[in-house]
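Peer 1: Handing you a structure now.
In the numbering used here, the protein residues as written are 11 to 208.
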C-alpha cells in the first residue's frame with residue numbers, strides 16, 4: 011500500500027505533519043478527515059511507483075462534465091475560513107483548496123482565483139471573474155470581509171448561509187416530489203381511461 015506524507019491542521023487549527031497509508035491521495039485525504047485532520051498538502055512518498063502517474067495514468071472522462079454545486083461552494087468556503095482563521099497565508103490556503111478540489115471544473119476556477127491573488131489582486135476581485143460560481147452577494151461579502159479584516163468570520167457566515175441554501179433547495183425538492191408524482195399518476199390514470207373508452 012502506498013505511503014503518503016501530509017501537512018495539515020488539527021481541530022484546534024494547529025499545523026501538523028505526518029504519514030498515512032492509503033491506496034491513493036483521495037483515500038488518504040478521507041482517512042485524515044476522519045481522524046480530525048484538515049490536510050493542506052498530500053504527496054506520495056514514491057511518486058513514480060504510485061498508480062495513476064506517468065504515461066499509464068487513467069482518465070475519467072465523466073468527471074469533466076460535473077458541475078460545481080452549491081454544496082461544493084459551501085465546502086470550499088468552510089475550508090478557506092478554517093485556513094484563514096489559522097493564519098495560513100492566502101496563497102497557501104488557495105493552494106490547499108486547489109489540491110483538494112475533486113471536480114476538474116472547480117480545480118480550474120480555484121487555480122485561476124489563486125493565480126490572480128498571487129498577482130496581487132484582492133480575493134473578491136479574483137472571485138468576481140467567475141460569476142457562475144461566486145454570485146454577486148458572495149463576492150461583496152468577501153470584499154467587506156477583506157476591508158474589515160474579518161475575512162475568516164465573514165467566510166464562516168457565508169458558509170452557513172450557503173449551507174442553508176442547500177438545505178432549503180433539498181426541502182423544496184422533497185416538498186414538490188409528491189405533488190409531481192401524483193400529477194403523473196393522475197395523467198396515467200386519465201390516459202388509461204381514455205384509451206379504455208375509445
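Note that beta-carbon positions come from the ideal geometry of N, C-alpha and C, so glycine has one too.
In this text the structure is predicted, and so the values were computed from the model without any measurement.
With a cut-off of 8 Å, do at least 3 Cβ pairs link the segment 26-45 to the segment 87-104?
Peer 2: no
Peer 1: Run through DSSP, which three-state label would residue 48 get?
Peer 2: strand
Peer 1: With three or more C-beta pairs closer than 8 Å as the rule, is the segment 149-161 touching the segment 132-139?
Peer 2: Result yes; three or more Cβ-Cβ pairs closer than 8 Å.
Peer 1: Please report the Cβ distance between residue 80 and residue 176, rounded to the nearest whole angstrom; I am assuming they are in contact, meaning their Cβ atoms lie under 8 Å.
Peer 2: 5 Å
Peer 1: Starting from the N-terminal side, write out each stretch of the alpha helix (DSSP H) that is 4 residues or longer and does not extend beyond the segment 88-123.
Peer 2: 100-110
Peer 1: By Cβ distance below 7 Å, which residues in the same chain neighbour residue 162 in space, the five residues on each side in sequence not counted?
Peer 2: 91, 94, 95
Peer 1: Within the segment 130-193, note down every full alpha helix (DSSP H) run reaching 4 residues or more, in order along the chain.
Peer 2: Under the rule that a run must span 4 or more residues, the alpha helix (DSSP H) segments found entirely inside the segment 130-193 read 133-138, 146-158.
Peer 1: Output needed for residue 109: all residues of its chain with C-beta closer than 8 Å, excluding positions within five of it in sequence on either side, in chain order.
Peer 2: 50, 51, 52
Peer 1: Helix, strand or coil for residue 24? Go by DSSP, reduced to three states.
Peer 2: coil
Peer 1: Confirm, please, whether the CB-CB distance from residue 29 to residue 13 is below 9 Å.
Peer 2: Taking the C-beta atoms as reference points, residue 29 is found nearer than 9 Å to residue 13.
Peer 1: With the cut-off set at 9 Å, would you say residue 164 and residue 155 are in Cβ contact?
Peer 2: yes
Peer 1: What separation, rounded to the nearest whole angstrom, lies between the Cα atoms of residue 195 and residue 124?
Peer 2: 51 Å
Peer 1: So residue 104 and residue 120 are supposed to be a Cβ contact under 8 Å. How far apart are they, rounded?
Peer 2: 7 Å
Peer 1: Let me make sure I understand the geometry here. Which of 33, 32, 34, 43 has the alpha-carbon closest to that of residue 18?
Peer 2: 43
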